[in-house]
Amino acid sequence: MTSEPQQPDPALVAQWREVSVHYPFTTTSAVGSVDLSINRGERVLLLGPSGSGKSTLLLTLTGLVPESIPAKVDGEILLFGERVAARKPWAWAARVAQYFQDADQTLTGMRVEDEIAFALENRAIPPAVIAEKVARAMRRVGLPDAWRKRRSSTLSGGEKQLVALAATLVQEAEFFIADEPTAHLAPEAAHRLHALLTHGDPERSILIVDHRLEGLIEFIDRLIVLGRDGTIVAEGHPRIVFRERRDLLMAQGIWCPVASALDGRLEEADIAPPTAPLSIAEALAHLEPGVASPSQIAQARPAVQAFVEAYAPRVAAPSRQSPMLTQLIEADCAPSLGPVVLRHVNLSIWEGEILGILGANGAGKSTLGLCLSGLLPLKAGKRKGAPAGYAFQRPENQFTAGTVQEELLTALPDDMPAALKSNRVAEMLARWELASLESRHPFELSQGQKRRLALAALTVSDRWPLLVLDEPTAGLDAWGVARLIEQIESLHDTGRAIAVITHDLDFASRLCPRSIVVGEGGILADGPTQDLMDDAALLRRAGLVESAHRQAVRWLRRSAPC
Amino acid sequence: MLKARHPLAILFVCIVALVASILAFNALFQIALIALVCVALVAFNRTSPLVLGALMLPFALFGFGFLTTSVFFRQESDFAVKMAGEALLQSSGFSAGLVLFFRAIACGMVSAFFALTTDPGAFVRALMVSAKLPPRIGYSLFAAMQLVPDLAAEAQQMRIAHAMKAGRPPRRIPGPVQVFRLVIPLLAYAVRRAGRTAIALEARGLSPKGPRTVLNAPRFRRGDGVFVIIGLAAIGLCGVTLL
Amino acid sequence: MPNSRIWTLRETLIVAVLGAVFAVLYLGWVQVWLIAQALFGSLTMDVVMGFWFVASMVAAAIIRKPGVAFAAEVLSAGVQILLGSPAGLMLLVTGAVQGAGAELVFAATRWRNYSLPVMMAAGVGAAIFSFAYTWVRFDYGALQPGILIAMFTLRCVSGALLGGWMGHVIVQALYKTGALAGLAIDHDKRAAAA
Ligand SMILES: Nc1ncnc2c1ncn2[C@@H]1O[C@H](COP(=O)(O)OP(=O)(O)OP(=O)(O)O)[C@@H](O)[C@H]1O
Ligand SMILES: Nc1ncnc2c1ncn2[C@@H]1O[C@H](COP(=O)(O)OP(=O)(O)OP(=O)(O)O)[C@@H](O)[C@H]1O
Ligand SMILES: [Mg+2]
Ligand SMILES: [Mg+2]
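Protein sequence lines correspond, in order, to chains R, P and C. If you count the first sequence from 1, you need to add 15 to reach this note's numbering. If you count the second sequence from 1, you need to add 721 to reach this note's numbering. If you count the third sequence from 1, you need to add 854 to reach this note's numbering.
What follows is the structure in structure tokens.
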């Protein structure tokens, strides 16, 4: 409770006053003391390292915390000038649309069309109007009409996310809240969704948490950064924060736009753009041949070169003489309890290889990954090679134990001596920054923490010659991804093979010398990642968009002194 | 054809059939009822006779229990004497058991009729619109019914996770021990999912009171009245066997 | 608000969902029973009966509000019918009778006590009610008194063990998974620990 009562301000949609949240059985607060307000019509992006309390903060807004998720909330929260606790969470639904971090939490398992219509039904809108709005929402998000009768639980990770987004966008609420709405979307779909979220009604206020900034950040009015302790550490216009507080963001392990790294390099070379750039095009606009003088270009080239080199894989492609590890021969793959989605797949992985698996949503990547690791029986064809470890797209699917520590302990081979086991586990907990969470139930972690635990459990032992990681970067902060790259490279150094399914093409090109593109019921292409990225026709066909840093590569080519 | 009927109309006819089956302690009536249901399902619902046969098997096993109980443990059935003397078939214990046996099958087939011709979603919607079932209870029922098919998928997912930890591919068919070990995790999954569904429903505005639209709710048509009349008449016709 | 008697949406959903899971387990148990009956004869039904009460025990011990035991049993009967149970629509009545038996015992403690003895008593309560019901339905009056006593005793023991005790074990195991956080059982356990 604040001491002096303040008058609500009509220009404010939401206001947190000295709010802090404690989950039961925890000693530290999940959200530190936060003072924050959102103006009408403002588009706000909330950033912060994993576990800093972003999702918790969003959940307090309509009272789901503490009404439905037990926790202790101190301070005062106002929505449209009214105290949140004065109404039940459902009473806010007409004015606030919420997309939760886990698509499974937004959806209820109904058929797609019922799922989208549900919020409108609750507002007692006439059936004809609902039907029209549902059709429009499906069109806008890009859901095919044939899915109307499909149950949302038979969709792939990204497809679920699209349905969940349609189900919240259809509400056309004056305040839209989205927690990592694009984590599992293929690049093309993510761009489309970012545009949908940020354009439209200028009266609509938007609060987004996202780690994927490309294509989103240009439309953001204000950035709010939560620190590790759950308090606000920076706030302001993206251009200002990303340039002036870059060191702080890096230290906190928070994502910055790709352009921000380039901006840093150009600054060092003393040829930075006048205003802080949010995209590569902006960063290089003042250096285009014809605009800039040859001497300026020459001054910038080494910096851009260094920037681009950071995206080249550090490991070399293995020579095809090294022994073959796992092979799929003429394989037909089907998700469990689903139809065959991939036919006649031929794929080989060599020892010490890092393979990227790319493709649109619903192309069949997860299915292929499970078949490749031998966990899903093939419908036809053959698989050769030892079983592999698999990091599920939804980390929760991997957890079988009651605590974080136990999850890691049970991931170690049974015949390992107990002392050795606990050593390994302690080391892993420290490496993935999970030590303070060791007695927590795996389901009570933040999404990023769940992902870290899943990856830690998979890499804690060296029992698998091949690891398949399904969307390992979804939900991770920059620090987590750096850790992941480190871990993958050290596994590679011990001769292990790793297959990475990812939508993040920058990540793929930084890590994988070779990639395959899945689509149209089979493997569309197989070759060096850099070559695939240069093939615009292939990318279009597969629903991919070139990774951001490729624009810098093209600038280098354009500006090359002939 | 039967699928287009209003779920509540089907429910009404089924309840009448059940009540009749319970009140009429007569083997012939039960057999007539069974035949009626089977003919209706095969003719108007395109149910394959093979499916019907497979459905009838557990009902028959179930009924067989009553048959044996009646034959062996009836007070007046002096079983040893009967075995020595008259034919078993004429003992009152046996005929009572026979009625119980056919009644189990008849009740079973009537419910199978309901299950095969009604879409659970449409049923809940019909209850919400016509029987004023509160939406919170309606959607809870809905969620429960939708959970059932997902349990299989979730169990499969858990088996894959367990198999990975054990370091070998999962077996195609789980053994009894494995099934047993999945019970608690599946229950925990169900409870968690209930919590998440509650949040999802409330966040999109499901309120305990107030008006709300129900999309795709089945409506009563003329055909439903015809169906009820024909259904009741057919059950009445079975009653001829009682005379 | 652990003391409020009104069910929240989450609690309603949990009752429904537990009903559904147990419906699946019950149907599996029917198969076990049918096979055992073919092998061991007709008293088997009374021996295995208790397991069909367990949904009310588990739901009641988790939510701890009036009507939960009854509703859970009726719901699982309803879901079984939709899944095509051999017992048919009559199962609704069976479920209601069994649920009422358990509910009555919990009501006698004013929905406050869910310890193992109370759970076992609730199992016996359900057994007694279900015995009375089968008496009417299956013409038990015509059976020999000796066999009736055997059936009754077996059913009560089964209700206490397979219903009450098993329900208790399941609830404790579920509690350890952390899925019950924030529910009445969690409040009570924490209040007891504090
Ligand atoms: N149900 C819960 N019970 C107990 N602690 C929780 C629960 N949910 C989250 N926490 C803890 O609260 C803190 C904040 O979690 P939150 O999910 O808000 O983080 P976040 O910023 O959204 O992180 P991420 O980017 O990983 O999603 C974390 O340390 C997390 O472990
Ligand atoms: N149980 C099921 N029944 C029917 N179709 C299914 C089922 N499970 C998955 N599918 C379909 O199989 C296809 C492949 O799914 P998969 O999960 O492999 O896609 P993905 O490439 O991993 O997608 P994403 O990038 O969205 O994770 C999808 O089109 C999906 O809709
Ligand atoms: Mg989060
Ligand atoms: Mg996938």
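Where a beta carbon is used, it is the ideal one built from N, C-alpha and C, also for glycine.
Given that a residue counts as buried once 16 or more other Cβ atoms are within 10 Å of its Cβ, and exposed if not, what is residue i?
i: ARG572/R; result: exposed
i: GLU195/R; result: buried
i: GLN885/C; result: exposed
i: SER832/P; result: buried
i: LEU893/C; result: exposed
i: THR766/P; result: For the sequence presented, residue 766/P should be read as Asn rather than Thr. Under this definition ASN766/P is an exposed residue.
i: HIS214/R; result: exposed
i: ARG454/R; result: According to the sequence provided, residue 454/R is Ser. The question's Arg does not apply to it. Exposed, because fewer than 16 other Cβ atoms sit within 10 Å of the Cβ of SER454/R.
i: LYS930/P; result: exposed
i: LEU744/P; result: exposed
i: ALA730/P; result: buried
i: ILE53/R; result: buried
i: PHE901/P; result: exposed
Relative to the alpha-carbon of residue i, which residue among the options has its alpha-carbon at the smallest distance?
i: VAL978/C; options: LEU888/C, LEU879/C, SER910/C; result: SER910/C
i: PRO309/R; options: GLU345/R, ALA575/R, ASP508/R, ALA26/R; result: ALA575/R
i: GLN878/P; options: LEU964/P, ARG943/P, TYR910/P, ILE858/P; result: TYR910/P
i: GLY842/P; options: ALA134/R, GLY124/R, ARG138/R, ALA139/R; result: GLY124/R
i: GLY536/R; options: ALA375/R, SER461/R, ALA512/R, TRP107/R; result: ALA375/R
i: CYS386/R; options: LEU61/R, ALA346/R, ALA118/R, HIS209/R; result: ALA346/R
i: ASP900/C; options: PHE992/C, ARG1009/C, TRP989/C, ALA1004/C; result: ARG1009/C
i: ASP546/R; options: ARG556/R, ALA557/R, VAL533/R, ARG529/R; result: ARG529/R
i: PHE191/R; options: LEU94/R, ALA567/R, SER461/R; result: LEU94/R
i: ALA1004/C; options: THR898/C, ALA1014/C, SER858/C, LEU888/C; result: THR898/C
i: ASP521/R; options: GLY379/R, ILE538/R, ALA567/R, ALA540/R; result: ALA567/R
How about residue i: is its C-beta nearer than 8 Å to some C-beta of chain P?
i: LEU393/R; result: no
i: ARG138/R; result: yes
i: GLN462/R; result: no
i: THR415/R; result: yes
i: VAL875/C; result: yes
i: TYR405/R; result: yes
Between residue i and chain C, is the shortest Cβ-Cβ distance under 8 Å, so that the two count as touching?
i: CYS959/P; result: no
i: ALA730/P; result: no
i: ILE956/P; result: no
i: ALA808/P; result: In this prediction, ALA808/P has a pLDDT of 48, which is less than 50 and means its spatial position is unreliable; what the coordinates show is noted afterwards. Chain C contact via Cβ: absent.
i: MET866/P; result: yes
i: PRO410/R; result: no
i: ALA801/P; result: Unreliable placement is indicated for ALA801/P, whose pLDDT of 40 sits below 50; no coordinate value is reported for it.
i: SER351/R; result: no
i: PRO543/R; result: no
i: HIS37/R; result: no
i: PHE458/R; result: yes
Quick check on residue i - is its C-beta less than 8 Å from some C-beta in chain R?
i: THR866/C; result: no
i: ALA1035/C; result: yes
i: THR898/C; result: no
i: LYS930/P; result: no
i: LYS1043/C; result: no
Residues surrounding ligand 1 [beta-carbon distance to nearest heavy atom under 5 Å]: TYR38/R, ALA45/R, SER65/R, GLY66/R, SER67/R, GLY68/R, LYS69/R, SER70/R, THR71/R, GLU459/R, LEU460/R, SER461/R, GLN462/R, GLY463/R
Assess, as a yes-or-no matter, whether the region 252 to 259 of chain R is touched by the region 227 to 240 of chain R under the definition of 3 or more beta carbon pairs within less than 8 Å. yes
Pairing CB atoms from the region 334 to 347 of chain R with CB atoms from the region 396 to 410 of chain R, are three or more of them under 8 Å? yes
With a threshold of 8 Å, are at least 3 pairs of Cβ atoms found where one atom belongs to the region 734 to 743 of chain P and the other to the region 405 to 418 of chain R? no
Does the region 869 to 884 of chain C come close enough to the region 896 to 909 of chain C that 3 or more CB-CB pairs lie under 8 Å? yes
Decide yes or no for the touch test of the region 220 to 230 of chain R against the region 431 to 451 of chain R: beta carbon pairs closer than 8 Å, at least 3 of them. no
So, does the region 469 to 476 of chain R touch the region 497 to 506 of chain R, judging by three or more C-beta pairs under 8 Å? yes
Check whether the region 348 to 362 of chain R and the region 854 to 869 of chain P are in contact - that is, three or more C-beta pairs closer than 8 Å. no
Is there contact here, the region 907 to 927 of chain P with the region 104 to 119 of chain R, by at least three beta-carbon pairs under 8 Å? yes
Counting beta carbon pairs with one atom in the region 843 to 851 of chain P and one in the region 937 to 952 of chain P, are three or more of them shorter than 8 Å? yes
Three or more C-beta pairs closer than 8 Å, one from the region 750 to 762 of chain P and one from the region 877 to 895 of chain P: is that the case here? no
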